[in-house]
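Protein sequence lines, in the order shown, are assigned to chains A, B and C. Last residue of the first sequence: 418 in my numbering, with the numbers rising by one and none dropped. Last residue of the second sequence: 588 in my numbering, with the numbers rising by one and none dropped. Last residue of the third sequence: 414 in my numbering, with the numbers rising by one and none dropped. Read through the structure below, which is laid out as structure tokens, and then see the notes.
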Amino acid sequence: MDKEKDNVLLEIEHLHTAFRINGKFYNAVDDCSLTLRKNEIYAIVGESGCGKSTLATSIVGLLDPLNSKVKGSIKYRGQELVGLNADEYDKIRGEDIGMIFQDPLSALNPLMRVGDQITEALYYHTKDSEAERKKKALELLKRVGIPDPEGTFRRYPHELSGGMRQRIIISIAVACSPEIIIADEPTTALDVTIQAQIIDLLKDIQKEKESGIIFITHDLGVVAEIADRVGVMYAGQLVEIGSVFDIFEDPKHPYTRSLLNSIPQAGELGDRLHVIQGNVPPLSEMKRSGCRFAPRIPWIPASAHEENPSYHQVGDGHYVLCTCYQTFHFQEEK
Amino acid sequence: MWKTVLRRILLMIPQIIILSLLVFFVAKLMPGDPFSGKINPQTDPKTIEALKHQLGLYDPPLVQYGHWIQNIFKGDFGQSYTYNRPVLGLIGERAANTFWLGLLTAVLTYAVAIPLGLIAGKNEGKWPDRVIAFYNFVINSVPPFAIYLIFLILFSFILKIFPSTGTVSASAHGFVQIFFSRIYHMILPAIAMMLSGTTAIVQYLRSGIIDNTKEDYVRTARAKGVPEKVIFRKHILRNAFLPIASSLGGTITGLLSGAIVAESIFSYPGMGQLFLQSVNSRDYSVMITLTLLFGILTLLGNLLSDIIMSIVDPRIRIQ
Amino acid sequence: MSIIEVKNLKVWYPIRGGFFNTIKGYVKAVDDVNLSIEPGETYGLIGESGSGKSTIGKTIVGIERPTSGSIIYKGEDVTKGRNRKKLKYNRDVQMIFQDSLSSLNPRKRINDIIAEPIRNFEKLSKTEENHRVKELLDIVGMPKGSMYKYPFEFSGGQRQRIGIARAVSTHPKLIVADEPVSALDLSVQAQVLNYMQDIQKEFNISFLLISHDLGVVRHMCKNLSIMTRGRFVEVGTREDIYDRPQHIYTKRLLAAIPDINPRNRQEDTKERLRVEAEYENDEKAWYDKNHRVLDLKPVSGSNTHYAAVPESNSMVEQGGK
Ligand SMILES: Nc1ncnc2c1ncn2[C@@H]1O[C@H](COP(=O)(O)OP(=O)(O)O)[C@@H](O)[C@H]1O
Ligand SMILES: Nc1ncnc2c1ncn2[C@@H]1O[C@H](COP(=O)(O)OP(=O)(O)O)[C@@H](O)[C@H]1O
Ligand code: SF4
Ligand SMILES: [Mg+2]
Ligand SMILES: [Mg+2]
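The structure is reproduced here in structure tokens:
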């Protein structure tokens with residue numbers, strides 16, 4: 085029991101994050117709960133606009149306080165993060181929780197040498213001298229696979245390739261050996277070969293530091309490569325949660341199944357790809373009662389849908405926010 | 270980098286030659302000559318003709334141009350017809366006056382615009398931002414020359430706080446007195462010119478701060494746990510100042526064109542006033558030399574901008 | 094007969110420097126590339142960013158000028174402006190871009206955007222034109238009401254479909270599609286690719302599909318080439334490339350594609366690291382001393398498959414892995 089408690093890094097319960105749009109608040113994250121454990125890579129997957137980034141930024145408290153509202157609970161090792169002020173958050177960000185972003189060029193300050201951007205993270209969380217910080221930064225650069233750490237330390241971001249920049253971002257995120265790393269689409273902007281290298285690097289770092297990673301992506305292939313657990317997100321809700329095998333081998337929610345179905349397969353040339361009708365609705369037009377995915381599977385009769393779907397446990401640690409999952413079929417099946 | 274700067278300076282030579290040709294011949298095309306309306310109607314037309322010949326006004330244009338260039342290389346920029354003295358000395362004196370006025374204006378402009386921009390940017394949408402936006406709106410909606418006129422009429426004619434002409438009062442003696450008397454004479458045109466100069470800078474800085482605050486690298490800095498104050502100083506401000514740094518060189522051009530109007534209105538004996546006078550009186554040598562000088566200063570201003578940018582922004586390499 | 098043939102295409106951008114700003118060298122964005130596309134086929138062009146894919150595409154549609162080489166359309170070299178005009182080349186060849194927001198004029202309504210190429214090449218009355226725009230919107234599954242809206246009012250997938258509608262408005266023979274689905278979600282990507290296939294069937298259009306996504310190209314293309322550093326490393330049918338890759342670069346790309354079966358994870362990683370190690374050790378053997386990709390050679394036992402393998406390479410055999 086204590087062991088289990090020791091393993092829990094992050095506990096999110098009934099998280100609601102709302103944005104102000106034209107004076108009204110709309111939930112972009114709508115009642116999400118998840119638990120991140122040590123040594124675990126937790127993938128959040130879903131189309132763009134589903135609220136993945138909002139979930140990530142809520143955890144690290146990087147939302148604009150004037151135009152957003154966070155409700156619910158986010159506990160880091162028992163400490164409540166919701167409601168912390170900026171100073172309190174600054175102690176946790178960078179030290180206990182590191183963050184990696186999607187676009188590695190815009191995420192670095194163009195006017196600052198990359199070395200200084202790495203040591204800056206150490207400056208606020210360690211008592212190291214300048215020389216020690218530099219030594220650590222060089223070690224980090226080496227650790228993330230930068231061929232010429234000394235030279236790179238003095239470079240500016242624009243002088244590096246996309247893959248190298250992402251390695252810099254990673255070295256910043258892990259500079260203080262945080263227990264949790266939150267990576268928001270860290271490979272989306274990269275070429276496949278670089279993506280593969282970054283995935284390997286993140287896996288290695290995770291093992292080495294026994295950290296937990298929340299890995300956000302819209303690419304199911306990447307999920308299959310990296311995740312231990314998966315949360316499938318649709319319209320602000322986690323519609324299915326399970327182990328990576330549950331999700332890929334026994335998907336339950338119509339959304340998960342639709343997503344898996346639309347991957348181009350090796351099959352015949354010119355096969356038609358499966359299309360999910362419609363799109364993720366903008367916040368202000370999102371249905372707030374009943375199933376949010378129902379409009380995108382219009383061939384399922386209204387009577388098959390649940391009034392207000394609740395989580396059903398379908399296996400060990402496998403949950404689905406849906407009832408008609410047992411009778412769901414694709415349009416072309418019948 | 271200094272190699273590139275040298276190359277850029279050398280590249281300016283053909284530009285200056287083209288400019289000089291253009292200036293010279295356009296000036297020649299202007300109707301009238303320095304004698305129109307200037308000379309006592311009783312003067313014998315023959316004497317005037319003789320004078321014109323003597324001044325080379327009847328030589329072929331290219332020959333005139335050649336003479337002019339030759340003389341320039343000897344340090345002789347010609348004679349001002351109106352002032353009856355060498356152009357070089359005349360412009361030198363006026364240039365010094367304009368330089369001081371320009372410097373004072375520039376210092377005032379940045380001293381006022383930067384704090385305003387900072388306040389507006391940090392308080393986006395709140396009342397200080399709105400007040401500053403109103404200030405910008407008012408200044409922008411009044412053309413600069415109108416501002417100069419209003420200032421002149423209000424402060425020196427009606428309120429009589431500031432002098433309406435000159436650079437220094439005759440009664441001033443000793444360095445200190447002369448210094449303050451000079452500033453006292455410059456302050457009205459300087460403030461007037463400053464006002465129209467501030468709006469662009471305030472705008473740049475304000476939107477620079479607002480835009481950069483939303484940049485991803487600011488989020489990265491927050492994710493590192495960098496305190497908000499440091500983020501503002503180290504990350505946001507430096508980036509927000511980039512557009513201002515790049516406009517620094519351009520202020521030279523701005524000040525010069527401002528000076529042409531302002532000096533005339535405030536009767537301040539600088540290059541600008543001299544320029545308008547020389548155009549009116551067809552004082553070729555002065556007019557041509559000044560235009561050339563303005564052109565060269567503009568080119569230098571552009572180069573200065575590029576040099577400054579390549580120093581402050583590592584992404585930019587001067588070409 | 095192929096619809097278009099690119100022969101020995103080179104597009105070199107000069108690098109200037111030094112005191113006199115002289116040409117110090119070249120970025121060989123495209124360096125001696127050959128390809129031909131059949132009528133009604135989708136030809137795939139794969140490569141990582143910076144490999145020169147877009148430059149090929151832009152040179153084909155005439156946005157970029159070749160340094161040397163020719164592009165043969167209907168038997169004539171259309172790198173010459175005269176021939177382009179004569180053959181109405183600019184009407185017959187259209188382009189779709191990756192970034193649909195910046196490639197559609199934000200201040201124009203959709204009907205003007207789609208009708209623009211029509212107006213350039215045909216004289217239609219207002220009603221005829223409106224009718225045509227509605228037809229085109231219908232083909233890409235957009236409601237007629239979209240006509241009077243602006244680009245920003247649409248999602249990425251919808252904008253990409255508008256781009257397709259515009260490209261097909263002149264009944265082109267060839268559309269160069271530069272990363273048309275790279276910025277889209279999987280589900281939307283599927284929709285756009287389906288529309289491309291529909292249009293192809295309906296109007297017998299050829300596509301040059303430029304992509305860095307090997308999955309998309311495998312789904313769409315019978316013939317394709319793999320490109321790096323401005324040159325082709327391997328050319329062949331999808332079976333040639335995906336089942337019997339010859340060049341280390343191709344193998345490396347294929348190994349990097351994430352597998353959607355989580356149970357293969359360990360082996361995939363192992364295989365990837367193996368290929369990666371091989372790539373690092375033998376890299377020199379696969380390029381000449383100027384890091385240039387070697388010339389393509391036919392792979393024995395096949396008349397479709399070519400690879401830029403070293404002379405003495407024993408692996409140049411069908412099925413050799
Ligand atoms: N600052 C914001 N203000 C208003 N709406 C926002 C803001 N950030 C995100 N949204 C909206 O919230 C929803 C979820 O966005 P996001 O979390 O970025 O999704 P994802 O990362 O899954 O693509 C979207 O509809 C998006 O438009
Ligand atoms: N106008 C240009 N001037 C100089 N270099 C260019 C220009 N356009 C492209 N390049 C260079 O040519 C190479 C190929 O570019 P591109 O065709 O855009 O590649 P891809 O589309 O495969 O990403 C790159 O190295 C790029 O930097
Ligand atoms: S069963 Fe209910 S929850 Fe599941 S998809 Fe259908 S309507 Fe939605
Ligand atoms: Mg996102
Ligand atoms: Mg490209």
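Heads up, the beta-carbon is just placed ideally off N, CA and C, and yes, glycines get one too.
Can you grab the Cα-Cα spacing for the pair GLU309 (chain A) / GLY156 (chain A), in whole Å? Along the first sequence, one-based indexing puts residue 309 (chain A) at 225. Along the first sequence, one-based indexing puts residue 156 (chain A) at 72. The alpha-carbon atoms of GLU309 (chain A) and GLY156 (chain A) are separated by roughly 31 Å.
For GLN361 (chain A), does the three-state DSSP call read helix, strand or coil? Within the first sequence, residue 361 (chain A) is the residue found at index 277, counting from 1. It is coil, neither helix nor strand.
I'd like to know whether the C-beta atoms of GLN321 (chain A) and ARG380 (chain A) end up nearer to each other than 8 Å. By 1-based counting over the first sequence, the position of residue 321 (chain A) is 237. By 1-based counting over the first sequence, the position of residue 380 (chain A) is 296. No, the pair does not count as a contact, with Cβ atoms beyond the cut-off.
Check each residue of the region 397-412 of chain B: if its Cβ is closer than 9 Å to any Cβ of chain C, include it; give the result in chain order. none
So the candidates are A:GLN397, A:GLN279, A:HIS358, A:VAL154; which of them puts its Cα closest to the Cα of VAL323 (chain A)? Mapped onto the first sequence, residue 323 (chain A) falls at position 239. Ranking A:GLN397, A:GLN279, A:HIS358, A:VAL154 by Cα distance to VAL323 (chain A) puts A:GLN397 first.
Which of the three DSSP states is assigned to GLU497 (chain B) in this structure? For the purposes of this step, residue 497 (chain B) is taken as the residue at position 228 of the second sequence. In the structure shown, GLU497 (chain B) sits in a helix (DSSP, three-state: H, G or I).
is_contact[ARG345 (chain C), chain A] using C-beta, thresh 8 Å: Counting from 1 along the third sequence, the entry for residue 345 (chain C) is found at position 252. Taking Cβ atoms only, chain A reaches closer than 8 Å to ARG345 (chain C), which makes this a yes.
Around ligand 1, Cβ to any heavy atom closer than 5 Å, ordered along the chain: A:PHE103, A:ALA112, A:SER132, A:GLY133, A:CYS134, A:GLY135, A:LYS136, A:SER137, A:THR138, A:LEU367
For TYR182 (chain C) and ASN176 (chain C), what's the separation of their Cα atoms in angstroms? In the third sequence, residue 182 (chain C) corresponds to position 89, counting from 1. In the third sequence, residue 176 (chain C) corresponds to position 83, counting from 1. Whole-angstrom Cα-Cα distance: 8 Å.
For ILE347 (chain A) and ILE353 (chain C), believed in contact at Cβ under 8 Å, the rounded distance: For the purposes of this step, residue 353 (chain C) is identified with residue 260 of the third sequence, where counting begins at 1. For the purposes of this step, residue 347 (chain A) is identified with residue 263 of the first sequence, where counting begins at 1. Indeed, because the Cβ distance is near 6 Å, the residues count as touching under 8 Å.
How about ASP278 (chain C): is its Cβ closer than 7 Å to a heavy atom in ligand 4? For the purposes of this step, residue 278 (chain C) is identified with residue 185 of the third sequence, where counting begins at 1. Not under cutoff, so the answer is no.
Ligand 5 and SER147 (chain C): does the residue's C-beta get closer than 7 Å to at least one heavy atom of that ligand? Sequence index remark: in the third sequence, residue 147 (chain C) carries index 54 (1-based). Yes; taking the cut-off as 7 Å, the Cβ of SER147 (chain C) has a heavy atom of ligand 5 nearer than that.
Contacting residues, own chain, Cβ-Cβ under 8 Å from LEU517 (chain B) (five flanking each side not counted): Stepping through the second sequence from its first residue, residue 517 (chain B) is reached at position 248. Hits under 8 Å: LEU573, SER574, ILE577.
With 8 Å set as the bound, which would you pick, yes or no: does the beta-carbon of HIS302 (chain A) sit closer than that to a beta-carbon of chain B? Locating residue 302 (chain A) in the first sequence gives position 218, where the first residue counts as 1. With 8 Å as the cut-off, HIS302 (chain A) does not count as an interface residue toward chain B.
For LEU543 (chain B) and VAL530 (chain B), believed in contact at Cβ under 8 Å, the rounded distance: For the purposes of this step, residue 530 (chain B) is taken as residue 261 along the second sequence, with counting starting at 1. For the purposes of this step, residue 543 (chain B) is taken as residue 274 along the second sequence, with counting starting at 1. Actually they are not in contact, since the Cβ atoms of VAL530 (chain B) and LEU543 (chain B) sit about 13 Å apart, beyond 8 Å.
Closer than 8 Å, CB to CB, is HIS402 (chain A) near chain C or not? One-based indexing of the first sequence puts residue 402 (chain A) at position 318. Output row for HIS402 (chain A): interface = no.
Three-way DSSP call (helix, strand, coil) for TRP105 (chain C) in this model: The residue given as residue 105 (chain C) occupies position 12 in the third sequence. TRP105 (chain C) falls in the strand class under three-state DSSP.
Would you call the CB atoms of GLY386 (chain B) and ARG475 (chain B) closer than 8 Å? Position 117 of the second sequence, counting from 1, holds the residue named residue 386 (chain B). Position 206 of the second sequence, counting from 1, holds the residue named residue 475 (chain B). Yes.
Using a C-beta to C-beta distance shorter than 7 Å, which residues of chain A count as neighbours of HIS336 (chain B)? Position 67 of the second sequence, counting from 1, holds the residue named residue 336 (chain B). In chain order: nothing, as chain A lies at least about 52 Å away.
Is ASP284 (chain A) near ligand 4, in the sense that its beta carbon is under 7 Å from a heavy atom of that ligand? The count along the first sequence starts at 1 and reaches residue 284 (chain A) at position 200. Not so, every heavy atom of ligand 4 lies at least 7 Å from the Cβ.
For chain A, check one thing: does any of its Cβ atoms lie closer than 8 Å to the Cβ of TYR473 (chain B)? Locating residue 473 (chain B) in the second sequence gives position 204, counting from the first residue. No, TYR473 (chain B) does not count as interfacial toward chain A.
Roughly how far, in whole angstroms, is the beta-carbon of SER536 (chain B) from the beta-carbon of THR351 (chain B), given that I think they are within contact range, below 8 Å? For the purposes of this step, residue 536 (chain B) is taken as the residue at position 267 of the second sequence. For the purposes of this step, residue 351 (chain B) is taken as the residue at position 82 of the second sequence. Their Cβ separation, rounded to whole angstroms, is 16 Å, which puts SER536 (chain B) and THR351 (chain B) out of contact at 8 Å.
Of the residues that make up the region 254-288 of chain C, which ones have a beta carbon closer than 8 Å to any beta carbon in chain A? ASP278, LEU279, SER280, VAL281, GLN282, ALA283, GLN284, LEU286, ASN287
CB contact below 8 Å: VAL99 (chain C) versus chain A: Here residue 99 (chain C) is taken as the residue at index 6 of the third sequence, counted from 1. With 8 Å as the cut-off, VAL99 (chain C) does not count as an interface residue toward chain A.
Should VAL356 (chain B) be listed as close to ligand 2, given that the test is whether its C-beta is under 7 Å from any heavy atom? Position 87 of the second sequence, counting from 1, holds the residue named residue 356 (chain B). Not under cutoff, so the answer is no.
Report yes or no: do the region 517-528 of chain B and the region 371-384 of chain B share at least 3 C-beta pairs separated by less than 8 Å? yes
Could you tell me which residues DSSP pairs with CYS116 (chain A) in its beta bridges? Counted from its first residue, the first sequence places residue 116 (chain A) at position 32. CYS116 (chain A) is bridged to A:LEU99.
On a CA-only basis, which of C:ARG225, C:PRO107, C:ALA122 is nearest THR115 (chain C)? Give me that one, please. As a first step, residue 115 (chain C) must be located in the third sequence, where it is residue number 22. Taking only the C-alpha atoms, the option nearest THR115 (chain C) is C:PRO107.
Against LYS272 (chain B), what residues of chain C qualify as contacts under a CB-to-CB distance less than 7 Å, listed in chain order? As a first step, residue 272 (chain B) must be located in the second sequence, where it is residue number 3. Correct list: PHE112.
So within the region 488-547 of chain B, which uninterrupted beta strand (DSSP E) runs reach at least 3 residues, ignoring any that extend past its ends? none
is_contact[GLY390 (chain B), chain A] using C-beta, thresh 8 Å: Position 121 of the second sequence, counted from the first residue, corresponds to residue 390 (chain B). False, the Cβ-Cβ gap to chain A never drops below 8 Å.
Please tell me whether ASP575 (chain B) has its Cβ less than 8 Å away from any Cβ of chain C. If you number the second sequence from 1, residue 575 (chain B) lands on position 306. No, its Cβ sits nowhere closer than 8 Å to a Cβ of chain C.
Is the shortest distance between the beta-carbon of PRO194 (chain A) and the beta-carbons of chain C less than 8 Å? In the first sequence, counting from the first residue as 1, residue 194 (chain A) sits at position 110. No, PRO194 (chain A) does not count as interfacial toward chain C.
Using a threshold of 7 Å, is the CB atom of GLU157 (chain C) nearer than that to any non-hydrogen atom of ligand 5? Position 64 of the third sequence holds residue 157 (chain C). Result no, Cβ not under 7 Å from ligand 5.
Classify THR220 (chain C) as buried or exposed, calling it buried when 16 or more other Cβ atoms lie within 10 Å of its own Cβ. The sequence position of residue 220 (chain C) within the third sequence is 127, counting from 1. The residue in question, THR220 (chain C), is exposed, as its Cβ has fewer than 16 Cβ neighbours within 10 Å.
Near GLN281 (chain A), which residues of its chain fall below 8 Å by C-beta distance, leaving aside the five closest residues on each side in sequence? Locating residue 281 (chain A) in the first sequence gives position 197, where the first residue counts as 1. Counting only Cβ-Cβ distances below 8 Å, and skipping sequence neighbours, we find GLY229, GLY247.
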